[in-house]
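Note sheet for the following structure.
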Amino acid sequence: MKRFVPLIIVFFVIAGFGQERKYVTVHKTQKLMGSRFDITVVAINEEIGYIHIDEAISEITRIEKLISSWNPDSETSLINKNAGIEPVKVSFELFRLIERAKKISEITEGAFDISYASMDKIWKFDGSMKNKPTEEEIKRSIAKVGHEKIILDAKDNTVFLKEKGMKISFGAIGKGYAADKVKELLVSKQVVAGIINASGDLTTWGTKASGEKWLIGIANPLSKDKIFSWLPVVESSVATSGNYERFVVFDGKKYSHIIDPRTGYPSRGVNSVSIFAKSAELCDALATAVFIMGKEAGLFLINQLGEPEAILVDDNNKIHKSSGIHFDNNP
Ligand code: ADP
Ligand code: MG
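If you count by our numbering, then the sequence shown holds residues 16 to 346, one letter each, in order.
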């Protein structure tokens, strides 16, 4: 055993020298999964960097084919088409994603729910909505929502949506999932460092080509281009859910695209939530959930969970933080 110790040290010394090599940073932006993806990798030369970026793009495209509820040929669409009819056998990958999504529904007491998706028949955020849905429409729609009605059978990898008209979609978890999967793929190909940024939901590994940590800037909600705090993201992820991008306005009231599945109404009281954790998938889902749960219940949950941390901006632009985040509140 004793002889093993110097060996480990030698290994690190060599790895240390390896860092001296000149690395370059290669970057590409592309629209994928209906979102803007910024892919950054650190590589020994540009050519290799771009090869890895192409691998990243293929992986995201593959995931989109699996989870898209817009693509009529995806496994997800097949599940939706068979709602109330029969269980659908799916890939192990999709099965596991749905299983994890259901766990997040449980810990967030239903605030996060991939079956919220049947509500997209009444709440539309693409500009096509002219009137607020009626109470009756809302009532009818929430009857189709409920993670407990997503029936999983691990023996056969089948998914069954119990009621006709039910629907699942991965709008609040898919980008994080894709970021994690791309990172896993590139790490397995010995890519030393990178950032996979799906419109603000991002994951990082390694360090910048210069050896410095990747940093993310926390903007002042009142003046978006003023960063008042930089947080290092070391081998970890961040995701943000906000009401500033997609919303509708009725009678002067702003309705966000994040729906509380328990009431059928867009969530109110929070302007944005950022979650920090190792997994981008968890960050993505929890950002949506905490947005719905609100500052008290949401931050209480985050503090209980331990690993994730949160920064929440309420509708008075006041900043609230979970217990592990430390910076001055009043920039
Ligand atoms: P963004 O897509 O802007 O990054 P989110 O990650 O919070 O924001 O995802 C919001 C999307 O998630 C919505 O556009 C919708 O597709 C879906 N969604 C809305 N409400 C819920 C909910 N309660 N549970 C799960 N997904 C939801
Ligand atoms: Mg999300």
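All C-beta atoms in this analysis are idealised placements derived from N, C-alpha and C, irrespective of residue type, glycine included.
Here the structure is a predicted model, which means the values were calculated and not measured.
Euclidean distance between Cα positions of residue i and residue j
{"i": "Val20", "j": "Asn86", "result": "Low per-residue confidence applies at Val20: pLDDT is 30, beneath 50, and the placement is therefore not dependable enough to give any value."}
{"i": "Ala224", "j": "Ile66", "result": "17 Å"}
{"i": "Asp343", "j": "Val103", "result": "51 Å"}
{"i": "Ile144", "j": "Val264", "result": "In the sequence under discussion, the amino acid at residue 144 is Met, which differs from the Ile named in the question. Answer to the nearest angstrom: the Cα atoms are 10 Å apart."}
{"i": "Asp266", "j": "Lys170", "result": "51 Å"}
{"i": "Leu297", "j": "Leu112", "result": "11 Å"}
{"i": "Lys6", "j": "Lys43", "result": "It is not possible to answer for residue 6, since the shown part of the chain is limited to 16 through 346."}
{"i": "Ala318", "j": "Ser338", "result": "Residue 318 is actually Asn in this sequence, not Ala. Rounded to the nearest angstrom, the two C-alpha atoms are 6 Å apart."}
{"i": "Phe32", "j": "Ile68", "result": "With a pLDDT of only 40 at Phe32, under the threshold of 50, the placement of this residue in the model should not be trusted, and no figure is reported."}
{"i": "Gly321", "j": "Asp128", "result": "22 Å"}
{"i": "Lys310", "j": "Asp275", "result": "14 Å"}
{"i": "Val28", "j": "Gly226", "result": "Note that Val28 scores 33 on pLDDT, short of 50, meaning its location in the model is unreliable and no value can be drawn from it."}
{"i": "Val206", "j": "Asp216", "result": "20 Å"}
{"i": "Lys190", "j": "Thr219", "result": "14 Å"}
{"i": "Gly99", "j": "Lys159", "result": "11 Å"}
{"i": "Ile72", "j": "Ser252", "result": "19 Å"}
{"i": "Ala30", "j": "Gly49", "result": "Note on Ala30: pLDDT 36, under 50, position unreliable in the model; the coordinate value appears next. So the two alpha carbons sit approximately 39 Å from each other."}
{"i": "Asn146", "j": "Phe140", "result": "12 Å"}
{"i": "Thr173", "j": "Val41", "result": "41 Å"}
{"i": "Lys336", "j": "Leu314", "result": "7 Å"}
{"i": "Lys239", "j": "Val57", "result": "28 Å"}
{"i": "Thr123", "j": "Lys46", "result": "31 Å"}
{"i": "Gly209", "j": "Ala194", "result": "11 Å"}
{"i": "Arg155", "j": "Ser84", "result": "21 Å"}
beta-carbon residue i near the ligand ADP non-hydrogen atom, thresh 7 Å
{"i": "Ile317", "result": "no"}
{"i": "Arg261", "result": "yes"}
{"i": "Ile129", "result": "yes"}
{"i": "Ile273", "result": "yes"}
{"i": "Thr303", "result": "yes"}
{"i": "Ser184", "result": "yes"}
{"i": "Pro276", "result": "yes"}
{"i": "Lys6", "result": "Residue 6 lies beyond the stretch modelled for the chain, which goes from 16 to 346, so this question has no answer here."}
{"i": "Asp216", "result": "yes"}
{"i": "Phe175", "result": "no"}
{"i": "Ser256", "result": "yes"}
{"i": "Ile113", "result": "no"}
{"i": "Phe306", "result": "yes"}
{"i": "Lys190", "result": "yes"}
{"i": "Ala325", "result": "no"}
{"i": "Ala3", "result": "What the structure shows of the chain is the stretch from 16 to 346, and residue 3 is not part of that stretch, so it cannot be assessed."}
{"i": "Asp141", "result": "no"}
{"i": "Ala299", "result": "Before going further, note that residue 299 is Asp rather than Ala in the sequence given. True, at least one ligand heavy atom lies under 7 Å from that Cβ."}
{"i": "Ala187", "result": "yes"}
Top-ranked residue by Cα proximity to residue i, from the options
{"i": "Ile340", "options": "Ser106, Pro323, Lys333", "result": "Pro323"}
{"i": "Asn95", "options": "Lys190, Gly309, Phe291, Leu176", "result": "Leu176"}
{"i": "Gly64", "options": "Ala169, Leu201, Ile122, Leu109", "result": "Leu201"}
{"i": "Val247", "options": "Lys204, Ala292, Tyr131", "result": "What sits at residue 247 in the sequence shown is Pro, not Val. If we check each option's Cα against that of Pro247, Ala292 comes out closest."}
{"i": "Val288", "options": "Met48, Ser294, Ala300", "result": "Ala300"}
{"i": "Arg77", "options": "Glu61, Glu108, Thr55", "result": "Glu108"}
{"i": "Tyr38", "options": "Glu121, Leu167, Asn60", "result": "Asn60"}
{"i": "Lys228", "options": "Trp245, Pro148, Asp88", "result": "Trp245"}
Contact set for residue i: own chain, Cβ-Cβ below 8 Å, skip 5 residues either direction
{"i": "Ile273", "result": "Ala187, Ser256, Asn258, Pro281, Ser282, Thr303, Phe306, Ile307"}
{"i": "Leu237", "result": "Asn332"}
{"i": "Asp135", "result": "Lys182, Ser184"}
{"i": "Arg261", "result": "Phe140, Ser271, His272"}
{"i": "Lys204", "result": "His67, Glu70"}
{"i": "Gly180", "result": "Ala98, Gly99, Ser133, Lys159"}
{"i": "Tyr192", "result": "Ile78, Ile82, Leu112, Phe185, Ala295, Glu296, Asp299"}
Chain-order list of residues whose beta-carbon lies under 6 Å from that of residue i (same chain, five-residue window excluded)
{"i": "Asn212", "result": "Asp53"}
{"i": "Glu330", "result": "The sequence given here has Asp at residue 330, not Glu. The residues are Gly284, Asn286."}
{"i": "Ile157", "result": "Gly279"}
{"i": "Ile290", "result": "Ala254, Cys298, Leu301, Ala302, Pro323, Ala325"}
7 Å Cβ shell around residue i - same chain, five flanking residues per side excluded
{"i": "Glu74", "result": "Lys196, Val197, Leu200"}
{"i": "Ser92", "result": "Ser84, Asn86"}
Neighbour flag for residue i against chain C, beta carbons, 8 Å
{"i": "Asp168", "result": "Although the question refers to chain C, the structure presented lacks it and comprises just one protein chain."}
Original post:
Of all the beta strand (DSSP E) runs that stay within the bounds of the stretch 253 to 300, which reach a length of 3 or more residues?
Top reply: Fully enclosed beta strand (DSSP E) runs of 3 or longer: 262 to 265, 268 to 271, 285 to 292.
What residue ranges within the stretch 182 to 244 form continuous alpha helix (DSSP H) runs of no fewer than 4 residues, ordered along the chain?
Taking only runs of at least 4 residues, the alpha helix (DSSP H) segments lying wholly in the stretch 182 to 244 are 189 to 203.
Enumerate, from N- to C-terminal direction, the unbroken alpha helix (DSSP H) stretches of 4 or more residues contained entirely within the stretch 88 to 153.
Those alpha helix (DSSP H) runs which fall completely within the stretch 88 to 153 and span 4+ residues are 90 to 96, 107 to 122.
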